[in-house]
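Protein chains in written order, with this note's numbering: chain X, 1095 to 1177; chain V, 477 to 894.
Read the structure below first, then the notes.
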Amino acid sequence: MPAKSFEDRLERLEKLAEKLREGKIPLEEAVTLFEEGMKLARSLEKDLSRVERKVEILTREPESNGEEPGLELFPELSEEDKE
Amino acid sequence: MMERPEDRRNPRAAPADGKHFTVSEITELIKATLEESFPWITVQGEISNFRPSSSGHWYFSLKDVNAVLSAVMFHSRLETVKFTPGDGMLVTASGSISVYQRRGSYQLICESLIRAGQGDILAMLEERKRSLAAEGLFDAARKRPLPVFPSRVAVVTSPTGAAIRDILRVLRRRNAGIDVVIVPTPVQGEGADERIAHAIETTARWRLGEVIIVGRGGGSLEDLLPFSSEAVVRAIAASPVPVISAVGHETDVTLSDLAADVRAPTPSAAAEIVAASRSELLAQVAGLKASLEGSLQSRLDMIRVLLGQFSRENLERNVRLFLQPTLQRLDDATEALRRGFSEILSDARHRFELAARELSSYSPLAVLERGYAVVTHEPTRRVLVSADGVHPRDRLDIRLARGGLRASVEEMHAGEKL
Chain X
1095 MPAKSFEDRL ERLEKLAEKL REGKIPLEEA VTLFEEGMKL ARSLEKDLSR
1145 VERKVEILTR EPESNGEEPG LELFPELSEE DKE
Chain V
477 MMERPEDRRN PRAAPADGKH FTVSEITELI KATLEESFPW ITVQGEISNF
527 RPSSSGHWYF SLKDVNAVLS AVMFHSRLET VKFTPGDGML VTASGSISVY
577 QRRGSYQLIC ESLIRAGQGD ILAMLEERKR SLAAEGLFDA ARKRPLPVFP
627 SRVAVVTSPT GAAIRDILRV LRRRNAGIDV VIVPTPVQGE GADERIAHAI
677 ETTARWRLGE VIIVGRGGGS LEDLLPFSSE AVVRAIAASP VPVISAVGHE
727 TDVTLSDLAA DVRAPTPSAA AEIVAASRSE LLAQVAGLKA SLEGSLQSRL
777 DMIRVLLGQF SRENLERNVR LFLQPTLQRL DDATEALRRG FSEILSDARH
827 RFELAARELS SYSPLAVLER GYAVVTHEPT RRVLVSADGV HPRDRLDIRL
877 ARGGLRASVE EMHAGEKL
């Protein structure tokens, strides 16, 4: 899971685009922001074009806070369910 | 003995010719009598002979131990029915009595059909809705926006039900790439409400998804009841993770729908909502990317223009522009110098010529040309301008314009200057 949520990254990208559009920042900083923005855009696009997915089912509830919930892969749908 | 009940006769029921009715006449009278007498009735009975027609209307009978009442429910009213009727089901039907003259039959035209006892349930739900609403659990201000593009969604539902199947099918068709965590729970029956509420709490506590879909497929009013339970409503309202309620069909409204941040008409619709915005987001990201590139590009273009002033060509041109006046001055000065020098020269030559000419006019030799002579007194080597001191027989040297003479003095005259 990426460290920052999709929204946080999208918001940051919007901010970068606005900053750059204003054109008030020094060039060197602009180039740095540009690179950061392009990296964000690529990661967002990657998320958006993701097609694999995981379907899991909760099989065990954690009893204490240190424990992780038990998840198991959920058997994908049978053929007749597919369109 | 047959009684002639003429006294109790319907005052309208008199044959037109005074002897007998036609079938139409009497049927018309029966129709008017029945329909005016029972414009709106509510009947409880058991469904039998339920037969939906190809035109979409439902035909059936209501019966009890001793009687049968034909009934019809027209297609336009079916959506108000929250269950699928079947033979043997005890229902309460409301509507009006209508006579069908061609068959000589009468039937109940149903406007509403609920399962017996449901009236009580609906009233109970209405009361619960009122009290929970009074607590503010359904307030619009409580609604949170859904995450724009969740990477994982938790589904609180039955792992074997229609809801999870529909949700997974939609997400697969959408190629949404969203991970799904199913939080299994019974969705109907005894204790289902507590189990659903607990599943919601577990999901929220362990952040099993960035958004929670709580739902189930269609069912009877009783089947959907756990989703209107206080436990579920409170669990949804308390969830720190946004909740989509997706219970039954479009027409089913449960209290979970009111408590959730978003109500989806069906589980499929909930999946659509979760997956929906992808193409819009792709366009948005592409737009932002283009804006980044455009901004930097125009920035660089501007810098290039600025830097262009310092290109070699420009620098050379600028230097030339700068040097030009100086070079010009140098040229001018050189030219002036050369010109001045030649002027001085010719001036000098001129003056020299004048001087020479003047000089030559003073030359004694020039005087000689005019017939004068220079006489030198030899003994004293004096040029004579006076006869004084000259004695006879002194030798004289006489210089003429051309040639000279040696002479001796014969006599002398003292005298005045000429």
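Where is the CB? At the ideal position from N, CA and C, for every residue including glycine.
Problem set entry | Counted within 10 angstroms of its Cβ, other Cβ atoms place V/A599 as buried (16 or more) or exposed | exposed
For this session: Could you tell me whether the Cβ of X/R1144 comes closer than 8 angstroms to any Cβ of chain V?
Result: yes
For this session: Please compile the residues from chain X whose C-beta is within a distance smaller than 8 angstroms of the C-beta of V/I658.
Result: V1149, E1150, I1151, L1152 and F1168
Exercise. From V/S572, V/P561 and V/E611, pick the residue whose C-alpha is nearest to that of V/R591; which is it?
Worked result: V/P561
For this session: Kindly confirm or deny that the segment 844-854 of chain V and the segment 876-891 of chain V touch, where touching means at least three C-beta pairs closer than 8 angstroms.
Result: yes
For this session: Find the nearest neighbour of V/R692 within the set V/S755, V/D737 and V/T742, judged by alpha-carbon distance.
Result: The option with the nearest alpha carbon to V/R692 is V/T742.
For this session: Could you check the C-alpha separation between V/V657 and X/K1148 for me, to the nearest Å?
Result: Computed Cα separation, rounded: 8 angstroms.
Exercise. What are the start and end residues of each continuous beta strand (DSSP E) run of 3 or more residues lying completely inside the segment 569-615 of chain V, in chain order?
Worked result: 581-591, all fully within the segment 569-615 of chain V.
Exercise. Looking at C-alpha atoms only, which residue of V/P868, V/K507, V/Q594 and V/P801 is the closest neighbour of V/L700?
Worked result: V/Q594
Exercise. Who are V/H853's beta bridge partners in DSSP?
Worked result: Paired residues: V/R858 and V/L872.
For this session: Can you give me the Cβ contacts of V/D483 inside the same chain, cut-off strictly under 8 angstroms, excluding the 5 residues immediately before and after it?
Result: Residue placement at V/D483 cannot be trusted, given a pLDDT of 48 that sits under 50; what the coordinates show is reported in the next sentence. Cβ neighbours of V/D483 beyond the five flanking positions: none.
Exercise. Can the beta-carbon of V/D669 be found less than 8 angstroms from the beta-carbon of V/G694?
Worked result: no
Problem set entry | C-beta contact flag for V/I643 and V/A746 at 8 angstroms | yes
Problem set entry | Chain-order list of residues whose beta-carbon lies under 7 angstroms from that of V/H889 (same chain, five-residue window excluded) | A863
Exercise. So, helix, strand or coil for V/L684, using DSSP?
Worked result: coil
Problem set entry | Residue from V/R857, V/V750, V/H551 and V/D596 whose Cα sits closest to the Cα of V/S529 | V/H551
For this session: Determine the extent of the beta strand (DSSP E) in which X/R1154 is found, giving its start and end residues.
Result: V1149 to R1154
Exercise. What distance in whole Å lies between the Cβ atoms of V/A736 and V/S452, which are believed to be in contact at a cut-off of 8 angstroms?
Worked result: Residue 452 of chain V lies beyond the stretch modelled for chain V, which goes from 477 to 894, so this question has no answer here.
Exercise. Alpha carbon to alpha carbon, what distance is there between V/R628 and V/G653?
Worked result: 9 angstroms
For this session: Return the residues of the segment 1102-1126 of chain X that lie within a Cβ-Cβ distance of less than 9 angstroms from chain B, sorted by chain order.
Result: No chain B is part of this structure, whose protein chains are labelled X and V.
Exercise. Cβ of V/E501 within 8 angstroms of Cβ of V/A508?
Worked result: no
For this session: Would you decide whether V/P702 is buried or exposed? Buried here means 16 or more other CB atoms lie within 10 Å of its CB.
Result: buried
Exercise. So what's V/Y848 in DSSP terms, helix, strand or just coil?
Worked result: coil
For this session: With a threshold of 16 other CB atoms inside 10 Å of the CB of V/E686, please say whether the residue is buried or exposed.
Result: buried
For this session: Might you give, ordered along the chain, the residues of its own chain that have their beta carbon closer than 6 angstroms to the beta carbon of V/V708, omitting 5 neighbours on each side?
Result: Cβ within range, chain order: D669, I672, A673 and S732.
For this session: Please work out which residues of its chain come closer than 8 angstroms, Cβ to Cβ, to X/P1163, disregarding the five sequence neighbours upstream and downstream, and give them in chain order.
Result: L1152, R1154, E1155 and P1156
Problem set entry | Supposed close pair V/E854, V/R871 - CB separation, criterion 8 angstroms | Taking C-beta atoms under 8 angstroms as the contact rule, V/E854 and V/R871 qualify, at a distance of about 4 angstroms.
Exercise. Pick from V/G724, V/E666 and V/S572: whose alpha carbon is nearest that of V/P515?
Worked result: Taking V/P515 as reference, the option from V/G724, V/E666 and V/S572 with the minimal CA-CA separation is V/S572.
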